[in-house]
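Student: Numbering (the numbering used here), first residue to last: 5 to 495.
1. Which value, in whole angstroms, describes the spacing of the CA atoms of residue 354 and residue 413?
2. Residue 421 and residue 489 look like a contact to me (Cβ under 8 Å); what is the Cβ gap, rounded to whole Å?
3. When DSSP labels each residue in this structure, what does residue 156 get in the three-state scheme?
4. What residue range does the alpha helix (DSSP H) around residue 73 cover?
5. Just the Cα atoms here: how many angstroms apart are residue 462 and residue 126?
6. Pick out whichever of 148, 152, 203 has its Cα sitting closest to the Cα of residue 259.
7. What is the rounded straight-line gap between the Cα of residue 91 and the Cα of residue 214?
8. Are at least three pairs of beta-carbons, each pair with one atom in the region 430-445 and one in the region 60-80, less than 8 Å apart?
9. My understanding is that residue 238 touches residue 176, with C-beta atoms under 8 Å, so please give their C-beta distance in whole angstroms.
10. Assuming residue 317 is part of the alpha helix (DSSP H), what are its boundary residues?
11. Apart from the five residues on each side of it in sequence, which residues of its chain come closer than 8 Å, Cβ to Cβ, to residue 191?
12. Express the C-alpha separation of residue 417 and residue 306 in angstroms, rounding to a whole number.
13. I need the boundaries of the alpha helix (DSSP H) containing residue 268, first residue and last residue.
14. Which same chain residues, not among the five before or five after residue 294, have their C-beta less than 8 Å away from its C-beta?
15. Measuring straight from C-alpha to C-alpha, what distance separates residue 455 and residue 447?
16. Report the rounded CA-to-CA distance for residue 201 versus residue 304, giving the unit in angstroms.
17. So which of 313, 57, 328 has the shortest CA-CA distance to residue 360?
18. Out of 216, 476, 194, which has the shortest C-alpha to C-alpha gap to residue 208?
19. Which whole runs of the alpha helix (DSSP H) in the region 405-432 are 4 residues long or more, in chain order?
20. For the beta strand (DSSP E) holding residue 195, just list the boundary residues, first then last.
21. Starting from the C-beta of residue 280, find all residues in its chain whose C-beta is less than 7 Å away, skip the five residues before and the five after it, and write them out in chain order.
22. With a Cβ-Cβ cutoff of 9 Å, do residue 311 and residue 352 count as a contact?
23. Applying the criterion that 16 or more other CB atoms from any shown protein chain within 10 Å of the CB defines a buried residue, is residue 181 buried or exposed?
24. Can you tell me the Cα-Cα spacing of residue 245 and residue 262, whole angstroms?
25. Does DSSP classify residue 362 as helix, strand or coil?
26. Could you please give me the residues that DSSP links to residue 444 through a beta bridge?
27. Within this structure, are the beta carbons of residue 271 and residue 482 separated by less than 9 Å?
28. Hey, out of 224, 248, 163, whose CA is closest to residue 199's CA?
29. Output yes or no for whether 9 Å exceeds the beta carbon distance between residue 363 and residue 325.
30. Run the CB neighbour count on residue 159, radius 10 Å, all protein chains shown included, and call it buried at 16 or more, exposed below.
31. Among the residues of its own chain, which have a CB less than 6 Å from the CB of residue 411, if the five just before and after it don't count?
32. In angstroms with no decimal places, state the Cα-to-Cα distance between residue 93 and residue 224.
33. Helix or strand or just coil, what does DSSP make of residue 295?
34. Please state whether DSSP places residue 289 in a helix, a strand or coil.
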């Protein structure tokens, strides 16, 4: 059997990243990350400053020929720009602890046992980072995964999942119907906290996840609990779930409000401050003169309810109004901020939403003469690279006469009843680590530390971390279409 050393593990870690076709954070379950891959900017020093271009120069004036011969030239005007900044403390830190047991290594007897051991540990860590990065994009700074919802006709949010009684009263487990977040963020074995607004319930284990429209079943196959939802469990503790009311906030354990960077819910909310001026003071997005910090919002809610989405109808306003704005932003940024070597930036807008919304768009566009459609499978490798900067895209591309190519991508993690339309060039990750690849801690003896308390154990642990911030430098080039639904049920 091959021997196990820190040096060998360290060497394999380096080789693993060197040979990886994609960065580690895009390894698994990254429904958003696999196609939303903004460039990465590594900050130096404590404060990072950058420009956002509010409006191009508008100094050209017209006159008749005779006046042009004798009159003075127009008053000079410079392009309008705003210096923005982020401090090191604005970044969010993702941390992971790996643990392996030397006894597991004995199960592999061939010469590749060291590679098998390291690869298993690193792969599990990489996919966990991918999963959490994907979730972070779809959460605000409050780290909210979802909220409990009180179904129609029910009197409480927590129900006994063993059907010994309808309403939860005592016991160690319960069933929760969830909303205000995607069920894809939950996995069995995850530990969560329930913020009731009063007495919180912490360190609760997710035992089962029900992704469909029905919850747990009786032994005879009948069901009365709505999905999607989760069954939760807390060992040895009873009467913990009696206070789970409607809209109880669910977070991962040990996460709190303020721990996450501003994800899409924050960026596309005009009342959430996401920018700082060059001195680090938060910019109020709703203040006079700050419309440059707000996305284009198209809300089609009618009578308090969403309307069925029709892309040929609901893209008209965006298509007619935004073409010049997006073009000006790209030209200004490209002139002042040349792309880093080796970075391939997408040249299309990317629209994404829940699968039911995307399917609705595809079905209605089949009958539209305004757009032409091209499936990802029909794109050449060069087209994919030009469009997306990566070849993992698997959606559909439509060509708008004003905006050009628009990629439609289904994302189960996205927010219900809306469609985000991004200019991918306007987004980047600000990081102070190695291109967002996890950094391995070294305690002086190596990355892997033998666990000791009063006794030495067979287990070793290693800690990894990365820090980043999601940033958009041209917010008006991005849009959200709200108040839309589909003829199909959204889960």
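Just so it is clear, CB atoms sit at the ideal spot from N, CA and C, and this is done for glycine as well.
None of these values were measured; they are calculated from a predicted model.
Tutor: Considering the structure as presented:
1. Spanning the two alpha carbons is a distance of roughly 7 Å.
2. 6 Å between Cβ atoms; contact.
3. Residue state, collapsed to three classes: coil.
4. Its alpha helix (DSSP H) spans residues 69-74.
5. So the alpha carbons of these two residues sit roughly 19 Å apart.
6. It is 148.
7. Distance between the alpha carbons of residue 91 and residue 214 is about 41 Å.
8. No, they do not touch.
9. So it is a contact: roughly 6 Å between Cβ atoms.
10. Judged by DSSP secondary structure, residue 317 falls within the alpha helix (DSSP H) whose first and last residues are 315-318.
11. Apart from sequence neighbours up to five positions away, the residues of its chain that approach residue 191 with a beta-carbon distance below 8 Å are 135, 210, 213, ordered along the chain.
12. Near 25 Å, if we compare the C-alpha coordinates of residue 417 and residue 306.
13. First-last of the alpha helix (DSSP H) with residue 268: 268-271.
14. Its chain contains 287, 288 as the residues whose beta carbon lies nearer than 8 Å to that of residue 294, once the 5 sequence neighbours on both sides are disregarded; these appear in chain order.
15. So the alpha carbons of these two residues sit roughly 12 Å apart.
16. The alpha-carbon atoms of residue 201 and residue 304 are separated by roughly 32 Å.
17. Checked all of 313, 57, 328; the closest Cα to residue 360 is 313.
18. Closest by C-alpha distance to residue 208, out of 216, 476, 194, is 194.
19. Listed in chain order, there is nothing to give.
20. DSSP places residue 195 inside the beta strand (DSSP E), whose first and last residues are 195-199.
21. 88, 89, 90, 286, 287, listed in sequence order.
22. No. Outside cutoff.
23. Around the Cβ of residue 181, a 10 Å sphere holds 16 or more other Cβ atoms; the residue is buried.
24. Roughly 25 Å separates the two Cα atoms.
25. Here residue 362 sits in helix by DSSP.
26. Within the DSSP bridge table, the entry for residue 444 names 468 as partners.
27. Yes, the pair counts as a contact, with Cβ atoms nearer than the cut-off.
28. Ranking 224, 248, 163 by Cα distance to residue 199 puts 248 first.
29. No, Cβ-Cβ distance for residue 363 and residue 325 is not below 9 Å.
30. Under this definition residue 159 is an exposed residue.
31. Taking C-beta separations shorter than 6 Å and ignoring five residues to either side along the sequence, the partners of residue 411 in its chain run 352, 354, 399, 401, following chain order.
32. Rounded to the nearest angstrom, the two C-alpha atoms are 54 Å apart.
33. In the structure shown, residue 295 sits in a helix (DSSP, three-state: H, G or I).
34. Note: residue 289 maps to coil in three-state DSSP.
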